[in-house]
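For reference, the structure is listed below as structure tokens.
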Ligand code: GLN
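In the working numbering, the protein residues as written are 7 to 498.
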């Protein structure tokens, strides 16, 4: 079969169960596509062909023996931020270029237990800091819709592999938009779960109070299958929450769009820099939801202007603390011939970290230093609380909140925006992480250059089922999520 990569997760699962094809055939199909097409997309940092084929054979045996789960034998790509036992985990940094984790991240372990086949580890912004996946150490991953554009970031590799059909689905992480924005740039569905829903154990930390893993795939239905594997309490992550996990797949039709109250924040649609095509596509998608029975309600989110400054204080502060461990002694790259300990620290860290990571470590260290701590870090935490309260107030009158996922479509590679210009591109995603809320991106059309546009729906805490269900129903009534980039149509 030459078109296995066109099947949905449900179709793949059924095809394997009915022995229409084997996991080995499916895995070989993807490995062939990767070998041919990824020379252009450049999304994989590591392809684990040998291990994948062994896992596929084991999956085929399990299916034959009758102890397969729904996803046994399906291939997946992991963002290179999730630790994988025996396989290099770089977090997109030279600092961890040769790091082989002695254990699997919980998300990876759960995937293995469910019978998933790991195709490899995919590119990202270094330590998940960024929005373009223009990685200083591993190169720029390309947007499958137009290879001159970025796939977004930081989970840009995860988005690119799915959009180019180099994996049927992928894991991503989202600290300030890194699942939703690349999903938006690549025409995919991506879910950022409620903080605490998915274990962070073995996920290399960026800003621990906001980091959250989640699924990236073509449709809400595909995401629901992966979410069923990823979600759940984990004793190894003290911030993971002991709360029953929904069956996201059986809940796909659980929320009625009829009567659903969708909040439209006034402030969000007047943002400077909001592209006219993005605005138009998002408004059209809301109109469609209205036709399906949703009620659009204008709301106020008064803290909008505070999102970018608040996040860009708290995230670097946490990053500066988390990244202290990469000292060239216990972990990471070590410089050549250090003359003394201070030289070892200094040169290992300046040679091992790229510019953006160094910038954030410096900002964070400054904000946390004695004398500035109260003025910056503590103040930002107070504003963070106000942002959360703003959302909680809004959820008293609406069920979900709609926004673009990003003010623009995918940037050109090498556009070289200044850090502040780049940070402003995160305006629509950051508040969700500051408040710990769940949110989803769904593709809703294209701009004049045929680059995808995404709609973001933000839900109240633990509303993942509702978000997936609303998007699923939108996707039953529309076909944006079925559109494929030309490169995905290529056969290997
Ligand atoms: N673009 C944002 C940043 O640079 C978000 C990154 C993320 O979610 N990991 O921090």
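Idealized CB from N, CA, C, for every residue including glycine. In this text, all values refer to a predicted model and were calculated from it rather than measured experimentally.
request  = Return the CA-CA distance between residue 337 and residue 98, expressed in angstroms with no decimal places.
outcome  = Distance from the CA atom of residue 337 to the CA atom of residue 98, rounded to whole angstroms, is 15 Å.
Buried or exposed (CB count within 10 angstroms, at least 16 for buried), residue 268 = The Cβ neighbour count for residue 268, taken over all protein chains shown within 10 Å, is at least 16; the residue is labelled buried.
task = Measure from the alpha carbon of residue 486 to the alpha carbon of each residue in 447, 472, 464 and 467, then state which is nearest.
result = Checking every option, the nearest Cα to that of residue 486 belongs to 447.
message = Quick check for students: name the residue ranges of the alpha helix (DSSP H) that lie wholly in the segment 45-117, counting only runs of 4 or more.
response = Qualifying alpha helix (DSSP H) stretches, in chain order: 55-71.
ask   = So, helix, strand or coil for residue 259, using DSSP?
value = Residue 259: coil per DSSP, three-state reduction.
task = Could you check what DSSP says for residue 152 in three-state terms: helix, strand or coil?
result = Three-state result, residue 152: strand.
Reduced DSSP secondary structure (H/G/I, E/B, other) of residue 187 = Helix.
request  = With residue 454 as the anchor, note down where its alpha helix (DSSP H) starts and where it stops.
outcome  = Here residue 454 belongs to no alpha helix (DSSP H), and DSSP marks it neither H nor E.
message = Assess contact between the segment 142-157 and the segment 56-73, defined as three or more Cβ pairs (one per stretch) separated by less than 8 Å. Is contact present?
response = With the cut-off at 8 Å, the segment 142-157 and the segment 56-73 do not touch.
request  = Pull up the distance between the alpha-carbon of residue 79 and that of residue 125, whole angstroms please.
outcome  = Each residue's alpha carbon lies about 11 Å from the other.
request  = Under the assumption that residue 186 contacts residue 462 (Cβ atoms under 8 Å), give the Cβ distance between them as a whole number of angstroms.
outcome  = At roughly 6 Å, the Cβ-Cβ gap stays under 8 Å, so residue 186 and residue 462 are in contact.
inquiry  = For a test of your reading of the model: does the CB of residue 135 fall under 7 Å from any non-hydrogen atom of the ligand GLN? Yes or no.
reply    = For the ligand GLN, at least one heavy atom lies less than 7 Å from the Cβ of residue 135.
Given residue 251 as reference, the closest of 237, 182, 67 and 276 once Cα atoms are compared = Looking at 237, 182, 67 and 276, the one whose alpha-carbon comes closest to that of residue 251 is 237.
ask   = Which of the three DSSP states, helix, strand or coil, is assigned to residue 489?
value = The answer is coil: DSSP assigns residue 489 none of H, G, I, E or B.
query = Within 7 Å: the Cβ of residue 215 and any heavy atom of the ligand GLN?
reply = Residue 215 Cβ: outside cutoff for every heavy atom of the ligand GLN.
Residue 147 beta carbon near the ligand GLN (any heavy atom closer than 7 Å) = Answer for residue 147: no, Cβ out of range of the ligand GLN.
C-alpha gap between residue 11 and residue 41, whole angstroms = Using only the alpha carbons, I get a separation of about 14 Å.
key: Proximity test, residue 86 beta-carbon vs the ligand GLN heavy atom, cut-off 7 Å   = Of the heavy atoms belonging to the ligand GLN, none sits nearer than 7 Å to the Cβ of residue 86.
key: Supposed close pair residue 474, residue 229 - CB separation, criterion 8 Å   = The distance from the Cβ of residue 474 to that of residue 229 is about 6 Å, consistent with a contact at the 8 Å cut-off.
ask   = Which class does residue 462 belong to by DSSP, given the choice of helix, strand or coil?
value = Note: residue 462 maps to strand in three-state DSSP.
Best match in 84, 495 and 263 for proximity to residue 232 [C-alpha to C-alpha] = When only C-alpha atoms are compared, the closest one is 84.
query = Among 484, 22, 278 and 181, which residue has its Cα nearest to the Cα of residue 122?
reply = Nearest in C-alpha terms to residue 122, of all of 484, 22, 278 and 181, is 22.
message = Taking the beta carbon of residue 391 as the centre, do at least 16 other beta carbons fall within 10 Å, making it buried, or is it exposed?
response = Exposed, because fewer than 16 other Cβ atoms sit within 10 Å of the Cβ of residue 391.
query = Going by the beta-carbon positions, is the gap between residue 127 and residue 51 smaller than 8 Å?
reply = Yes, the Cβ-Cβ distance between residue 127 and residue 51 is below 8 Å.
message = Considering Cα atoms alone, identify which of 287, 293, 371 and 295 is closest to residue 320.
response = Of 287, 293, 371 and 295, the residue nearest in Cα terms is 371.
message = Considering only heavy atoms of the ligand GLN, does any lie closer than 7 Å to the CB of residue 223?
response = Not one heavy atom of the ligand GLN lies closer than 7 Å to the C-beta of residue 223.
inquiry  = Per DSSP, what are the beta-bridge partners of residue 146 in this structure?
reply    = 140.
query = If you run the structure through DSSP and keep just helix, strand and coil, what is residue 410?
reply = Reduced to three states, the DSSP call for residue 410 is strand.
query = Using CA coordinates, which residue listed in 323, 219, 358 and 13 is at the minimum distance from residue 161?
reply = For residue 161, the nearest C-alpha among the options comes from 219.
inquiry  = With the cut-off set at 8 Å, would you say residue 394 and residue 329 are in Cβ contact?
reply    = The answer is no: Cβ separation not under 8 Å.
request  = Inspect the CB distances between the segment 400-413 and the segment 170-189 and report whether three or more fall short of 8 Å.
outcome  = By the criterion of at least three beta-carbon pairs nearer than 8 Å, the segment 400-413 is in contact with the segment 170-189.
ask   = Which of helix, strand or coil does DSSP assign to residue 204?
value = Here residue 204 sits in strand by DSSP.
query = Between residue 164 and residue 351, what straight-line distance do the alpha-carbon atoms span, to the nearest angstrom?
reply = Distance between the alpha carbons of residue 164 and residue 351 is about 32 Å.
message = Helix, strand or coil, according to DSSP, for residue 135 in the structure here?
response = Residue 135 falls in the coil class under three-state DSSP.
query = Quick one: is residue 331 buried, meaning 16 or more other Cβ sit within 10 Å of its Cβ, or exposed?
reply = The residue is exposed, with fewer than 16 neighbouring Cβ atoms inside 10 Å.
query = Distance, Cα to Cα, residue 403 vs residue 433?
reply = Residue 433 has its alpha-carbon roughly 23 Å from the corresponding atom of residue 403.
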